[in-house]
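What follows is a set of notes on a single structure, which appears directly below.
There are 2 protein chains.
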Amino acid sequence: MADARFGLDRKLTLDGPLALDGGGILAPVDIAYETYGTLNDDRSNAILLCHALTGDQHVASTHPITGKPGWWTRMVGPGKPIDTDRFCVICPNVIGSCMGSSGPESLAADGKPFGMRFPVITIRDMVRAQAMLLDHLGIGALYAVVGGSMGGMQVLTWAATYPTRVRAALVIASTARHSAQNIAFHEVGRQAIMADPNWRGGDYYHDGKAPDAGLAVARMAAHITYLSELGLTEKFGRRLQDRSSKTFGFDADFQVESYLRYQGLSFTGRFDANSYLYITRAMDYFDLAEDHGGHLANAFRGSTTRFCVVSFDTDWLYPTSESRNIVHALNAGGAPVSFMELSAPFGHDSFLLDVPELDRVVDGFLTAGGL
Amino acid sequence: MADARFGLDRKLTLDGPLALDGGGILAPVDIAYETYGTLNDDRSNAILLCHALTGDQHVASTHPITGKPGWWTRMVGPGKPIDTDRFCVICPNVIGSCMGSSGPESLAADGKPFGMRFPVITIRDMVRAQAMLLDHLGIGALYAVVGGSMGGMQVLTWAATYPTRVRAALVIASTARHSAQNIAFHEVGRQAIMADPNWRGGDYYHDGKAPDAGLAVARMAAHITYLSELGLTEKFGRRLQDRSSKTFGFDADFQVESYLRYQGLSFTGRFDANSYLYITRAMDYFDLAEDHGGHLANAFRGSTTRFCVVSFDTDWLYPTSESRNIVHALNAGGAPVSFMELSAPFGHDSFLLDVPELDRVVDGFLTAGGL
């Protein structure tokens, strides 16, 4: 008989309470998630997949709002590097987000959306909620935890918080702490949202007027940081959009303008502005060393988790130096780690795009676990 | 007897018409400017100084709005690298701006501010207006044209448009064309302004409600691109602002957030949002090669102007590769050029900050002109 806890489009409500780093509690705790593949009898083939800032649980299923394929269909599926014929992949929507897990859009005890009454959360809070989900699914130790970007922050936090539950940790295009520049770009996005008169202190769920213009600007600014200068030049250069000469006006003359406007607009259809505030805040607060006496190595001391750290040479959001920082700490902590800087032209977004070398690294690292 | 055309806080209204690259004309043409030092008898010691996007004519005089010292007091003055004991320095506010030269805030023939009825201008249009000013001042050939960032674009355009009037050209932290990434960041800023309900299609001069929130976001995003990642880390890192621990809220917990917010807010007090739209547009349209058959070298072929090109190693807005591109074109065009990449931690803003090596380069290059 099929286990209803597994499959696509699952949602779980746990009583909690989930004690948060900020001092508050969250109860109940909703967690929306999807699973792919089948958990084996000894429950040893579970892979937890952690999504990025604007990602969600629809890793390899059609997105319910956009109708587009999942965000990592190229990586997750039968015979793919994260092989659902061998592994049971679990991907939860992070708390704070807007695709079914508890977040600012969720209803508070008074029956109204939390809005800005939702507690500020941390990456570790997200991870604690995921651990509650795994408890519910009856999964103790994970074959691996895998994630890129903010997903990688969750992977590192999993390994530091629940070392005995993580047999392997794959950290892609990520960092152990948000830099001043990272925080600065997020702050621009938050200010753009909060400057939108429709934001109204986060209380905008009742009349259909969301701060879409501000959210679109936030997305545009962030999107630039996801791409490399080289990638933008190759993809767009100074080419004009559907016209043979400049219009000497303020239309989107250049392809790159048109592309960015589209990125901003389409994002507002699938994402909640308050969630964007909360999740960027969680990322800005992320500094794994700070949680371990200021020494990142302490986060991993004595760990038996196998680590693999991957960076991309054109990623200027979380550059290779940040990955090296992680690797040095793992070495200092005595944890086994392999590290690769891959060459790809797409900047930070390389982890989501067609980089065959990444496929081989993921496949190789997971296979080496010996399932 | 003192010549009223020279001195601080000058403003000139020329009948024009100024024929614009976009096909329109501008008439009359207001040009606000300042001069420092004395023009010598044979009018051979004039240096034209070109300001950057948000700069103005107040190079070394107190800013009338902010009350702060001029933006290049460290470089311009008696005994300074641009020595006003030897040179007569002329700095006009570019057209399109908001400090007295014709721009969207100026009154149109109907007695109302142009707003978005102001014609879209180019860097070359700015330069043509400056040439009209110099004609009025009775200055034919310039001892030198000097500028950083957008000022450097004007310098290059001067040398390409009026080669016989430019004896020396000093281009600092600049580029011969705006890249896709450059355009993208500007587009974010423009969209932030236009998304502000107070923008109202640019027609906001009558009731004191300007799109300040949007302009502040635009400034914040741009400001990040003026600083280096390293500089931000050294200056702010993850240090908290006037508090001992994170507040788990959306206040400016981090110093870098507080700094950025201040940059955004203070900018709105001294700059017009429409001017920001027009000048960023002019910069995005800038591609000097395009104006010369697609070959940048053609812009300088046979030039006898002495060139000096300076870049900074931490400038990621207009990186050294862009300066090299200019130097290669100058070499191919047979123009004399010296090139230096200076090391400074401040990113693009290095040209405005304390970089003693830049002082020596500027002094050396100007002195070599043999005045």
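Order-wise, the sequence lines are chains A and B. Residue numbering for the first sequence follows my numbering, beginning at 1 and increasing consecutively. Residue numbering for the second sequence follows my numbering, beginning at 1001 and increasing consecutively. Beta carbons are placed, not taken as given, at the ideal position from N, Cα and C, and that holds for glycine.
Close beta carbons around M283 of chain A, own chain, < 6 Å, minus the five adjacent residues each side: Your numbering for residue 283 of chain A matches position 283 in the first sequence. Excluding sequence neighbours, M283 of chain A sits near M150, H178.
K1235 of chain B - DSSP class collapsed to helix/strand/coil: For this step, residue 1235 of chain B is matched to residue 235 along the second sequence. Residue state, collapsed to three classes: helix.
Is T1122 of chain B helix, strand or coil when you go by DSSP? Your numbering for residue 1122 of chain B matches position 122 in the second sequence. T1122 of chain B falls in the coil class under three-state DSSP.
Are T161 of chain A and I90 of chain A close, meaning C-beta to C-beta below 8 Å? Residue numbering aside, residue 161 of chain A sits at position 161 when the first sequence is read from its first letter. Residue numbering aside, residue 90 of chain A sits at position 90 when the first sequence is read from its first letter. No, the pair does not count as a contact, with Cβ atoms beyond the cut-off.
Looking at chain A, is there any beta carbon in it that lies within less than 8 Å of the beta carbon of D1196 of chain B? Reading the second sequence from its first residue, position 196 is the one you call residue 1196 of chain B. Judged by the 8 Å Cβ criterion, D1196 of chain B is in contact with chain A.
Mind checking who F307 of chain A pairs with in its DSSP beta bridge? As a position in the first sequence, residue 307 of chain A is number 307, starting the count at 1. Looking at the DSSP assignment, F307 of chain A forms a beta bridge with A:A169, A:V337.
Buried versus exposed call for R360 of chain A [16 or more other C-beta atoms within 10 Å across all chains shown]: Within the first sequence, the letter at position 360 stands for residue 360 of chain A. R360 of chain A is exposed by the Cβ-count criterion.
Using alpha carbons as the reference points, say which of B:R1117, B:R1005, B:M1075, B:H1058 lies closest to I1025 of chain B. Against the second sequence, residue 1025 of chain B aligns to sequence position 25. Selected option, being the one with the closest Cα: B:R1117.
Grouping DSSP H, G and I as helix and E and B as strand, with all else coil, what is G138 of chain A? Numbered from its first residue, the first sequence carries residue 138 of chain A at position 138. Coil.
Those runs of the alpha helix (DSSP H) which lie wholly inside the stretch 1037-1119 of chain B and span at least 4 residues: none
On a Cα-Cα basis, can you pick out the residue from B:L1008, B:A1222, B:V1337, B:L1227 that is closest to F1346 of chain B? The residue given as residue 1346 of chain B occupies position 346 in the second sequence. Nearest of B:L1008, B:A1222, B:V1337, B:L1227 to F1346 of chain B, Cα basis: B:L1227.
At 7 Å on the CB atoms, spell out the chain A contacts of V1120 of chain B, in chain order. As a position in the second sequence, residue 1120 of chain B is number 120, starting the count at 1. In chain order: F248, G249.
Consult DSSP for A1368 of chain B and reduce its assignment to one of helix, strand or coil. By 1-based counting over the second sequence, the position of residue 1368 of chain B is 368. Coil at A1368 of chain B, not helix or strand.
C-beta neighbour in chain B for D382 of chain A, strict 8 Å: Within the shown structure, residues of chain A are numbered from 1 to 371, placing residue 382 of chain A beyond reach of any answer.
Any beta-carbon of chain B closer than 8 Å to the one on V362 of chain A? Your numbering for residue 362 of chain A matches position 362 in the first sequence. Output row for V362 of chain A: interface = no.
How is L1330 of chain B classed by DSSP in three states: helix, strand or coil? If you number the second sequence from 1, residue 1330 of chain B lands on position 330. Of the three classes helix, strand and coil, the one that applies to L1330 of chain B here is helix, per DSSP.
Output the distance between the C-alpha atoms of A1004 of chain B and L1137 of chain B, rounded to the nearest integer angstrom. Translated into the one-based positions of the second sequence, residue 1004 of chain B becomes position 4. Translated into the one-based positions of the second sequence, residue 1137 of chain B becomes position 137. Their Cα atoms are separated by approximately 10 Å.
Can you pull the chain A residues whose beta carbon is under 7 Å from the beta carbon of S1179 of chain B, in chain order? Your numbering for residue 1179 of chain B matches position 179 in the second sequence. Per Cβ cutoff of 7 Å: E229, T233.
Are there three or more Cβ pairs, one per stretch, closer than 8 Å when the stretch 1203-1219 of chain B is compared with the stretch 1286-1298 of chain B? no
Is the beta carbon of P1028 of chain B closer than 8 Å to that of G1037 of chain B? As a working note, residue 1037 of chain B is residue 37 in the second sequence. As a working note, residue 1028 of chain B is residue 28 in the second sequence. Not in contact: G1037 of chain B and P1028 of chain B (Cβ atoms no closer than 8 Å).
Based on Cα-Cα distance, which residue from B:V1120, B:L1215, B:T1233 lies nearest to T247 of chain A? Numbered from 1 along the first sequence, position 247 holds the residue referred to as residue 247 of chain A. It is B:V1120 whose Cα lies nearest to the Cα of T247 of chain A.
Listed from N- to C-terminal order along the chain, which residues in the stretch 2-31 of chain A have their beta-carbon within a distance smaller than 9 Å of any beta-carbon of chain B? L20, D21, G22, G23, G24
Mind checking E234 of chain A: buried by the 16 CB within 10 Å criterion, or exposed? Along the first sequence, read from residue 1 onward, the residue named residue 234 of chain A stands at position 234. By the neighbour-count rule (16 or more Cβ atoms within 10 Å), E234 of chain A is not buried but exposed.
Okay, do the stretch 1308-1324 of chain B and the stretch 1350-1357 of chain B touch, 3+ Cβ pairs below 8 Å being the bar? yes
Closer than 7 Å at the beta carbon, the chain A residues around D1287 of chain B: Residue 1287 of chain B sits at position 287 when you count from the first residue of the second sequence. What D1287 of chain B touches in chain A: R238.
Quick one: what does DSSP say D1359 of chain B is sitting in, helix, strand or coil? Here residue 1359 of chain B is taken as the residue at index 359 of the second sequence, counted from 1. Reduced to three states, the DSSP call for D1359 of chain B is helix.
Going by alpha carbons, who is nearest to H292 of chain A out of A:F307, A:G115, A:R261, A:A329? Here residue 292 of chain A refers to the residue found at position 292 of the first sequence. Here the closest residue by C-alpha is A:A329.
Is L173 of chain A near V337 of chain A, with beta carbons less than 8 Å apart? Your numbering for residue 173 of chain A matches position 173 in the first sequence. Your numbering for residue 337 of chain A matches position 337 in the first sequence. According to the sequence as given, residue 173 of chain A is Ala; it is not Leu. No, the pair does not count as a contact, with Cβ atoms beyond the cut-off.
Can you tell me which of the three DSSP states Y1226 of chain B falls into? As a first step, residue 1226 of chain B is located in the second sequence; it is residue number 226 there, counting from the start. Of the three classes helix, strand and coil, the one that applies to Y1226 of chain B here is helix, per DSSP.
Answer with buried or exposed for D1009 of chain B, where buried requires no fewer than 16 other C-beta atoms within 10 angstroms of its C-beta. Working through the second sequence from its first residue, we reach residue 1009 of chain B at position 9. By the neighbour-count rule (16 or more Cβ atoms within 10 Å), D1009 of chain B is not buried but exposed.
By DSSP's criteria, I31 of chain A is part of a beta bridge. Which residues make up the other side? Position 31 of the first sequence, counting from 1, holds the residue named residue 31 of chain A. Paired residue(s): A:L12.
Please name the residue, chosen from B:M1099, B:D1125, B:G1201, that lies closest to G1269 of chain B on a Cα-to-Cα basis. Position 269 of the second sequence holds residue 1269 of chain B. The candidate whose alpha carbon is nearest that of G1269 of chain B is B:M1099.
Less than 8 Å between CB atoms is the rule here; does M1150 of chain B satisfy it with respect to chain A? Sequence index remark: in the second sequence, residue 1150 of chain B carries index 150 (1-based). No, no contact with chain A.
Under the DSSP definition of a beta bridge, which residues are partnered with A1195 of chain B? In the second sequence, residue 1195 of chain B corresponds to position 195, counting from 1. Partner(s): none; A1195 of chain B has no beta bridge.
Which partner residues of I1025 of chain B appear in the DSSP bridge assignment? Here the question's residue 1025 of chain B lines up with position 25 in the second sequence. The partner list for I1025 of chain B (beta bridge, DSSP) reads B:A1019.
In angstroms, rounded to a whole number, what distance separates the CA positions of I1279 of chain B and D354 of chain A? Taking the second sequence and counting its residues from 1, the one referred to as residue 1279 of chain B is at position 279. Taking the first sequence and counting its residues from 1, the one referred to as residue 354 of chain A is at position 354. If I take the Cα positions, the gap works out to 38 Å.
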